[in-house]
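Residue numbers for the sequence shown follow the numbering used here, beginning at 1396 and rising by one. Note that CB positions come from ideal geometry on N, CA and C, so glycine has one too.
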Amino acid sequence: MRTRSPLVLLLAAATVGCHGMDAPRPTPAPVEPPPVVRKRAPIDVSRLTTDPTSLAQTAPPGPYHRLTAEECHRLACANSSAGRLIDAAATGQRRRLLDGIPHAADDLREAAAAQASREARLRNAAAALDLYYQLLEAELLSDVLVESQAEVDELVRAGEVTIELGVPETGQFLTLRRQQVQLRADRAKLRAGIRRLNTELKALTGLDYLPGPLLPTDQIVVTPEPLDPEQAVRVGLAARPDLQLIRTLTAGLNARTVDAVRQAVVGLVPPLAAINTATRVLAPGLRALIPYLT
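Dropping the structure here:
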């Protein structure tokens, strides 16, 4: 599978959104990625240079579970704890009038909750994709360190043989020894980082029940791609769920929904929330000013 750069994918995830997450949906059944043998593809820089380079595949096998960026995005959207709580709160507080007509404030609350849930799921997906590409980078670096350590170990063994034959120890051999120790320390530090990234990524994607580590399978293709900032701004203004939430509240504002809109706005703007809290705790008489401040 060939993908664009991590930055482009993160921007795409933030603008395209979590498909099917605009309305409350049941929590999907856990999907377990199949176990695979660890094998990382090298970074493809052929589009940046006329002399393509590659990395040898020297990684040992292990009980890894493959995961693509698309699967990571989908699972993180579905596994957002905040998104599920928002959906549950929106559907659990619906009231109906005696004649069975839906309450206007409830309709607006559910519409606003759908946008807020989508925003929460997108943020969870963005955080998961960030961890995904950090893990991909760490696994690629692990391959490089394995190769480097193998080469340095071989040079050190050759130096030890010459010393046993009576050749005096040189400064270059001591430098190799230091490099050998440093590479081992770097590999230990990297392994700890990979374990941490796996733990955090599994938590965001709902895969924390898996016993083995995750293996990002997307191939990194380094290619220059121009970015149109004005187009990016237009896409963001049209697609951002938080801005769509504000538009939903504005469109649904009327005499029957003003209280629901006021509560939503207070929740969106922290200073208004602080003022609302202060009027209840410190000066209840100032509550009359809240509608004008809002």
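Exposed unless 16 or more other CB atoms sit within 10 angstroms - verdict on residue i
{"i": "Lys-1597", "result": "buried"}
{"i": "Ala-1464", "result": "buried"}
{"i": "Arg-1586", "result": "exposed"}
{"i": "Tyr-1604", "result": "exposed"}
{"i": "Glu-1620", "result": "exposed"}
{"i": "Leu-1560", "result": "exposed"}
{"i": "Gly-1566", "result": "exposed"}
{"i": "Gln-1452", "result": "Here the model assigns Gln-1452 a pLDDT of 40, short of 50, so the residue's position is not dependable, and the following value carries that caveat. Gln-1452 should be labelled exposed."}
{"i": "Thr-1570", "result": "exposed"}
Residue i, enclosing beta strand (DSSP E) - first and last residue
{"i": "Leu-1635", "result": "Leu is not the amino acid found at residue 1635; the sequence shown has Arg there. Premise fails: Arg-1635 is in no beta strand (DSSP E) and is neither H nor E."}
{"i": "Leu-1610", "result": "1609-1611"}
Cutoff 8 Å; reference residue i; Cβ partners in own chain excluding five residues on either side
{"i": "Gln-1575", "result": "Gln-1544, Val-1547, Asp-1548, Val-1551"}
{"i": "Leu-1644", "result": "Leu-1503, Ala-1507, Val-1656, Ala-1659, Val-1660"}
{"i": "Leu-1526", "result": "Leu-1592, Glu-1595, Leu-1596, Leu-1599"}
{"i": "Ile-1558", "result": "Glu-1564, Phe-1568"}
{"i": "Asp-1654", "result": "Ala-1500"}
7 Å CB neighbourhood of residue i in its chain, flanking five on each side removed
{"i": "Asp-1494", "result": "With a pLDDT of 45 at Asp-1494, under the threshold of 50, the predicted position of this residue should be treated as unreliable, though the coordinate-derived value follows. Around Asp-1494: no qualifying Cβ."}
{"i": "Leu-1462", "result": "Pro-1428, Leu-1609, Leu-1610, Pro-1611, Thr-1612"}
{"i": "Gln-1510", "result": "Pro-1636, Gln-1639, Leu-1640, Thr-1643"}
{"i": "Ala-1515", "result": "Ser-1475, Ala-1477, Gly-1478, Ile-1481"}
Host alpha helix (DSSP H) of residue i (start-end)
{"i": "His-1460", "result": "Here His-1460 belongs to no alpha helix (DSSP H); instead the beta strand (DSSP E) covers 1459-1462."}
{"i": "Thr-1600", "result": "1566-1600"}
{"i": "Thr-1618", "result": "Here Thr-1618 belongs to no alpha helix (DSSP H), and DSSP marks it neither H nor E."}
{"i": "Gly-1554", "result": "1499-1559"}
Contact belief for residue i with residue j at Cβ below 8 Å, rounded distance in angstroms
{"i": "Ile-1589", "j": "Leu-1530", "result": "7 Å"}
Chain-order list of residues whose beta-carbon lies under 6 Å from that of residue i (same chain, five-residue window excluded)
{"i": "Gly-1647", "result": "Leu-1503"}
Next on the checklist: Would the region 1504-1521 count as touching the region 1478-1487 if we require 3 or more Cβ pairs under 8 Å?
Outcome noted: yes
Checklist entry - For the 8 Å Cβ check, are there 3 or more pairs between the region 1474-1481 and the region 1618-1637? => result no
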